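Worksheet: the structure to be examined is printed underneath.
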Amino acid sequence: MTGIGTPISHKIHPLPIAQSPDCKGKRAGRSLVPWRSRVRRGHDILAGMNKPVRLAVESVPETLFTAREYLRMHDAGAFTDMNVELVRGELRKMMSGGFSHGALNARLIAKLITAYSATDRCLAVDLMIGIGPLTIRGADIAVVLPDVPSSGPVPPDRVVLIVEVSVTTLGTDLGEKQAEYATAGVPDYWVADVEARVMHVMRSPEGDRYAERFVVAFEQPLAVPGTAETIVVA
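So for the sequence shown, our numbering puts the first residue at 22; every next one is plus one.
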C-alpha cells in the first residue's frame, strides 16, 4: 500500500513492433498509420476546419400589405397619429410639411377653388388615391369628379388633377409618383417646386410617363385643366 505523497513506480513495457521493409508501424498484427502521415492528416483536418463554409439559408418571402388590408388598418385607427401611404405593398410614413409647404398648399387651394367655381369639380386635400391592389397614395391636392365615393380611396379614373407640393420630396414626386399617376391614367399632374419657385406641369399620360412636360415659373400664368381659367401661383 502506498501512502499520500508516496511515489509510485511504473514500469513501461513497449509493445513489440514488427519491422518490415514494406511498412513501418505494424503493431500486434494491426496496421498503423506512420507518424508522419498522422501529422500531415492532422494539418489537413485543421486546415479544413478553418475554411469558410457557405450555410444554406432558407429564403423568407417578403410580406406585403394589400390595399384592402391597409384600408382595414386605416378604418381601425391604426394611422390616427400619422400620415401613411401604401407603396407597392409597403407602409411608408410621411412627415408633415413645414410652413413653406403648408402656405403654398393653402394658396393653391384658394386659387383652384376660384378657377373651378363655375364647374362641378370638387377639391380635396390629403386625398387617398387608389392605384392598383398594392398602392394607395396621399395627394396634397386633388381635383375630382363629383361622383367620387364619400369614403375610401378615390379611383384614378375619377381624378381630374393632382398637385404635389415639394420641399424635400421632389425626387419622389417627379420619379415614382409621376410614373404611378401616369400608369393609372391621371390626366394632369403638377409638382410645385417650392425652392426653385416653378411648377412642373405634366399632361397626356402614356404608359408610365407623361407625353407633355413643361415648367412654369410661379410668376407666370398657368392654365387650369378643364377650364378657361389661369392662375398665378406666386
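Think of the CB as a built atom: it goes at the ideal place given N, C-alpha and C, for glycine as much as any other residue.
Quick caveat, the model's predicted, so the values are computed rather than measured.
Endpoints, beta strand (DSSP E) assigned at residue i
i: residue 151; result: 143-151
i: residue 187; result: 180-187
i: residue 107; result: 104-108
i: residue 89; result: Segment 88-96 is the alpha helix (DSSP H) holding residue 89; no beta strand (DSSP E) there.
i: residue 159; result: 157-165
i: residue 235; result: 230-238
i: residue 112; result: 111-115
Alpha-carbon spacing of residue i relative to residue j, whole angstroms
i: residue 186; j: residue 147; result: 11 angstroms
i: residue 167; j: residue 244; result: 21 angstroms
i: residue 172; j: residue 236; result: 34 angstroms
i: residue 141; j: residue 176; result: 18 angstroms
i: residue 117; j: residue 87; result: 24 angstroms
i: residue 94; j: residue 240; result: 42 angstroms
i: residue 126; j: residue 161; result: 7 angstroms
i: residue 271; j: residue 84; result: The requested residue 271 does not occur in the structure, where the chain is confined to residues 22 to 255.
i: residue 100; j: residue 133; result: 29 angstroms
i: residue 154; j: residue 89; result: 8 angstroms
i: residue 10; j: residue 169; result: Look at the range of the chain in this structure, 22 to 255, and you will see that residue 10 is not part of it.
heavy atom of the ligand SAM below 6 angstroms from residue i C-beta
i: residue 222; result: With respect to the ligand SAM, the structure offers nothing, as it holds no ligand at all.
Those residues which DSSP pairs with residue i across a bridge
i: residue 209; result: 182, 224
i: residue 133; result: Bridge partners of residue 133: none, in fact.
i: residue 244; result: 251
i: residue 175; result: 150
Own chain residues within Cβ distance below 6 angstroms of residue i, not counting five before or after
i: residue 209; result: 182, 224, 246
i: residue 234; result: 223
The alpha helix (DSSP H) enclosing residue i, as first and last residue numbers
i: residue 218; result: Taken as a continuous stretch (DSSP letters only), residue 218 belongs to no alpha helix (DSSP H), as it is neither H nor E.
Same chain only: Cβ atoms within 7 angstroms of residue i, ignoring 5 sequence neighbours per side
i: residue 174; result: 149, 150, 151, 157
i: residue 56; result: Only weak support exists for where residue 56 lies, its pLDDT of 46 falling under 50; the value from the coordinates is given anyway. None.
i: residue 50; result: With a pLDDT of only 45 at residue 50, under the threshold of 50, the placement of this residue in the model should not be trusted, and no figure is reported.
Contact set for residue i: own chain, Cβ-Cβ below 8 angstroms, skip 5 residues either direction
i: residue 249; result: none
i: residue 112; result: 86, 91, 105, 106
i: residue 230; result: 199, 200, 203
i: residue 188; result: 118, 119, 121, 122, 215, 216
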